[in-house]
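Asker: Numbering (my numbering), first residue to last: 30 to 663. I'd like to ask some things about the structure below.
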Amino acid sequence: MIWTIKNLNLTSCHEWLKTHTLQPSTNQHDHHTKIAIIGGGPKGMYGLERLLASLQDSDANELLEIDFYNENEHFGAGNNYRIDQPEYLLINYSIGNINMWIDEQPLSNAKHTLSLLDWINYYKKDNERKAEEVHYASRALVGLYLQYGLAEMLKNLPSHVLVKLIIGSVSDILDQNDQYFLTLKDGMVTQAYDQLLLATGHSQIFNTEYEQACLSLAEAHPGTYFIPHAYPVNPTLTELPPNLKVAIKGMGLTFVDAALALTEGKGGKFIDREGHLNYERSGREPQIYAFSRGGLPMLPRGPLSKTTRYQTKYFTAGFVEKMRLRYPKGTLNFETELLPVIKQEYQYAYYSTWMKKYGYKCGDSASFKSFESDISSFRLQYQEIPAFNLDDFLSPLRGIRFANKESYHQYVIDYLEQAIKEAEIGEQNSPMMAAVAVWREITPLISSLYEFGGFTPASQKVFEELYYSRFSRVTFGPPIANIKKIVALAKASILNFSLGPSPIVSCDEESGKFHLKSSHPPFEIKVDGLVDARIAKPNLNNGTPEVYQNLLSRDMAVPFINQGYIPGCIHISQKGYLISSDGTINNKIALTGTPTEGVTLDNDTLSRTRNNFVSEWAYLTVQKLQQRTAYITK
């Protein structure tokens, strides 16, 4: 089941939060401590939650003001989970795996700290079935859950704490006598702050010559559209004129959202007829051409239960600890030391699931060498079992030649339909889905070795540019329901995959259209619109938010450099604090979430424990407040 807001008996707390939204202050005469959290999405809210929790039992009892900045009114939810987005946009993780509250001391100041699953069951309408951990939900519903949590915190503040929600986009930070003034996009300079937490999320900015050329083409030719980022899909995509030819660049999660916004968002309907999903046109849809570097969409994610998820055999916490002890920071090679064991883990996941299906008893699999012998015996006995090759699994197009664009388009449909069947079986019984589960389970372990320049510089570069996206494509895809919709659109000839991998995109000034040309399969077309459905990663040389450019320009920050390799993020200390050009750790400015990507790995998650800088930030911040209180008392 997919849960949406309409399934709940709950009035939105969005309006209540709006009543607590205040204007930024320019008052320089108040002498109480002031903290600013910049970025009002989930990661910023997690920082606020830990800070309020730490303040409850502290001796710091002087007036404290916490200003929570966000670029729009969607505090707590952020842009990804804003509650006004269409409910056909879904999360890609089962609801049983989402909990905005962290299980650690001190406990939250909020009185009601429910997981998403428990929250849905508490507020669901009486006529709705009980929510289960394997169900999915709309992103808008998750946004409502996050805003509910924020409201719970604000309703139970310590008596000496004032929290202000402020709509404002921060473009600069000015240092004056160890206090920090914020400059907003409208030019306003705020009051001074004693501590800052930067949780700014994705910039959604690409600023290369290519993007500038696309923008110029669209501006010069009415009826041509360049959409540099797809969100919010309504009205960005839903209000495009009907009957256009539109290309979507990138075939990740945003591609799915964009394709649905251009179809379902324009009044089309998906109809289930005897177990087969069909698309019913509204007449307002464009013709959609999807392409990406790899040429294939993401695999669907099936139901995920905490109790039945895949358990790793070789790539374990024990193995990772051995690697950490053996290889000091900056000396670990992903391809030579980790990839071979990752391949063993994939082989084990795949073949052990086949063996279980056939009732085949294998011997001692404690070492891969012994399990490899079992694989040989098993495949000799059951020769119909397809062999597993990790490279082919990650890149199925290797070595395949397509006669024409139609055969390529059909290949993608067949590929997705087979993946849907496997996902519905689940990772406990499908060898393919057991393999899919491996990267999900080892990502936190990989992250612990990767962080703060754990890999050699060359290895970090090849990991980021070659491996990470390939593993993610087969692991972190959308729920089955949305891939079924993608297949239905492709079968209805609304969505076309014929451009294949890495077509050449150019701006045709003569026609005023975007020209796309693929060599394999051979196909070219001119389109009226181009939607960039990629997600911008931190890159200090390309489209970094203005606030970070300004920090760099005045040497308050420097790029993170792993022995010559520059991944494109800001340098931070082990505790998440900003490091200036002279190497000094600024313990008054901390970062969390997306701005740390490149120093850390995998921040696109609602996890409270992954790359958790805010628990210690809150603890250290309250320690400073206690010292100030003790000084004033004396």
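Quick reminder that beta carbons are idealized off the backbone N, C-alpha and C, glycines included. Computed from a predicted structure; not experimentally measured.
1. Consult DSSP for Ala221 and reduce its assignment to one of helix, strand or coil.
2. Given this structure, state the Cα-to-Cα distance separating Ile120 from Thr55, to the nearest angstrom.
3. Between the alpha carbons of Leu92 and Thr62, how many angstroms are there, rounded?
4. Hey, would you say Ala466 sits closer than 8 Å to Glu456, going by beta carbons?
5. Let me know the beta strand (DSSP E) ranges lying completely inside the segment 494-582, each 3 residues or longer, listed in chain order.
6. According to the Cβ coordinates, are Val171 and Leu145 closer than 8 Å?
7. Would you report the Cα separation of Asn362 and Tyr496, rounded to the nearest angstrom?
8. Tell me the DSSP secondary structure of Val465 in three-state form.
9. Scan the segment 196-221 and note each continuous beta strand (DSSP E) run of 3 residues or more that stays entirely inside, going in chain order.
10. With a threshold of 16 other CB atoms inside 10 Å of the CB of Leu354, please say whether the residue is buried or exposed.
11. How is the beta strand (DSSP E) around Gln316 delimited, first residue to last?
12. Tell me whether the segment 472-488 and the segment 579-593 touch, counting them as touching only if at least three CB pairs, one residue from each stretch, are closer than 8 Å.
13. Any heavy atom of the ligand NAD closer than 7 Å to the Cβ of Pro415?
14. Quick check on Phe407: does DSSP put it in helix, strand or coil?
15. Quick check on His438: does DSSP put it in helix, strand or coil?
16. Return the bridge partner residues of Asn99 from the DSSP annotation.
17. For the alpha helix (DSSP H) that Tyr152 lies in, which residues bound it at each end?
18. Going by C-alpha to C-alpha distance, which of Asp584, Ile127, Leu118 and Phe97 sits closest to Arg639?
19. Kindly indicate which three-state DSSP category Val171 falls into: helix, strand or coil?
20. Determine the burial state of His60: buried for a count of at least 16 other Cβ atoms within 10 Å of its Cβ, exposed for fewer.
21. Could you tell me the alpha carbon to alpha carbon distance between Ala160 and Asn150, rounded to whole angstroms?
22. Count the other CB atoms, across all protein chains shown, that sit within 10 Å of the CB of Gln224; report buried if there are 16 or more and exposed otherwise.
23. Roughly how many whole angstroms lie between the Cα atoms of Pro369 and Gly627?
24. The alpha helix (DSSP H) spanning Phe348 covers which residue range?
25. Under 8 Å, with one C-beta from each stretch per pair, do the segment 245-253 and the segment 71-89 reach the 3-pair mark?
26. Where does the unbroken beta strand (DSSP E) through Phe255 begin, and where does it stop?
27. What does the alpha-carbon distance come out to for the pair Lys386 and Phe417?
28. Just checking my contact of Ala259 with Ala276 at CB under 8 Å: how many whole Å lie between their CB atoms?
29. Could you tell me the boundaries of the beta strand (DSSP E) in which Thr62 lies?
30. Please classify Thr253: is it buried, with 16 or more other beta-carbons within 10 angstroms of its beta-carbon, or exposed?
31. Might you give, ordered along the chain, the residues of its own chain that have their beta carbon closer than 7 Å to the beta carbon of Ser83, omitting 5 neighbours on each side?
32. Provide the residue span of the alpha helix (DSSP H) that contains Phe284, from first to last.
33. Could you check the C-alpha separation between Tyr339 and Arg469 for me, to the nearest Å?
34. Applying the 10 Å Cβ sphere with the 16-neighbour rule, what's the burial state of Ala249?
35. Helix, strand or coil for Thr50 per DSSP?
36. According to the neighbour-count rule (16 or more other Cβ atoms, all chains shown, within 10 Å of its Cβ), is Ser610 buried or exposed?
Answerer: Reading it off the structure:
1. strand
2. 39 Å
3. 7 Å
4. yes
5. 533-537, 542-548, 551-556 and 558-561
6. yes
7. 13 Å
8. helix
9. 199-205 and 208-213
10. exposed
11. Gln316 to Phe320
12. yes
13. By its list of ligands, the structure shown contains no ligand whatsoever, and the ligand NAD lies outside what it can speak to.
14. helix
15. helix
16. Ile196
17. Leu145 to Tyr152
18. Ile127
19. helix
20. exposed
21. 6 Å
22. buried
23. 23 Å
24. Ala346 to Arg355
25. no
26. Tyr254 to Ile256
27. 16 Å
28. About 13 Å; that fails the 8 Å criterion.
29. Thr62 to Ile67
30. buried
31. Pro135, Ala647, Tyr648 and Val651
32. Leu282 to Ala290
33. 9 Å
34. exposed
35. strand
36. exposed
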